[in-house]
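Visitor: Note that the numbering used here has the sequence shown beginning at 89, numbered continuously upward.
Structure provided below as structure tokens; questions to follow.
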Amino acid sequence: MNYEESLTTFQTGLSQEIATLQEQVKIIDMAQQDFLHFTEFGEYTETESITIMRNLKGLREKRRTLKDKIESLCYIRKHLQQAEKPNCGFPPKRYSYRVLQPRSIKAEALEWKI
Numbered sequence: 089m090n091y092e093e094s095l096t097t098f099q100t101g102l103s104q105e106i107a108t109l110q111e112q113v114k115i116i117d118m119a120q121q122d123f124l125h126f127t128e129f130g131e132y133t134e135t136e137s138i139t140i141m142r143n144l145k146g147l148r149e150k151r152r153t154l155k156d157k158i159e160s161l162c163y164i165r166k167h168l169q170q171a172e173k174p175n176c177g178f179p180p181k182r183y184s185y186r187v188l189q190p191r192s193i194k195a196e197a198l199e200w201k202i
């Protein structure tokens with residue numbers, strides 16, 4: 089497997105992992121909404137309220153860890169997409185002027201005309 093194939097395979101795996109984590113975040117969001125609707129219409133004792141809030145806090149913590157993982161993987165994916173293969177074995181590229189044309193190139197000064 090060459091460099092390009094392994095990089096493509098890794099990027100595909102990253103995208104799949106991100107999609108899986110995003111799906112888990114959606115499930116946690118739905119569970120959180122269920123908790124909130126459950127608590128909205130009921131009356132509970134102090135111990136029941138504490139239990140509900142601890143469960144809600146646990147959901148929020150799980151959601152935050154998943155979101156942090158997603159953010160890290162997206163950062164890695166973004167920078168891998170910007171990665172370039174080295175120019176091993178290729179001659180150096182020449183720069184062609186698009187707008188500015190050098191009139192004279194001397195050690196003392198460089199004059200440009202547009």
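Beta carbons: idealized from backbone N, C-alpha and C, even for Gly.
If I follow the unbroken alpha helix (DSSP H) through Tyr163, where does it start and stop?
Guide: Taking the first residue of the sequence shown as 1, we reach residue 163 at position 75. Segment 134 to 169, the alpha helix (DSSP H) holding Tyr163.
Visitor: Within its chain, find whatever has a CB closer than 8 Å to the CB of Ile158; leave out the 5 residues flanking it on each side and keep chain order.
Guide: As a working note, residue 158 is residue 70 in the sequence shown. Counting only Cβ-Cβ distances below 8 Å, and skipping sequence neighbours, we find Ile106, Leu109, Gln110, Val113.
Visitor: Would you kindly work out how many angstroms separate the C-alpha atoms of Cys162 and Thr135, rounded to a whole number?
Guide: As a position in the sequence shown, residue 162 is number 74, starting the count at 1. As a position in the sequence shown, residue 135 is number 47, starting the count at 1. C-alpha separation (whole angstroms): 41 Å.
Visitor: Leaving aside the five residues before and after Ala119 along the sequence, list all residues of the same chain whose C-beta is less than 7 Å from its C-beta, in chain order.
Guide: Numbered from 1 along the sequence shown, position 31 holds the residue referred to as residue 119. Excluding positions up to five away in sequence, the list reads Leu147.
Visitor: Taking the C-alpha atoms as reference points, what is the distance between Leu95 and Glu131?
Guide: Residue 95 sits at position 7 when you count from the first residue of the sequence shown. Residue 131 sits at position 43 when you count from the first residue of the sequence shown. If you take the alpha carbons of Leu95 and Glu131, they lie about 55 Å apart.
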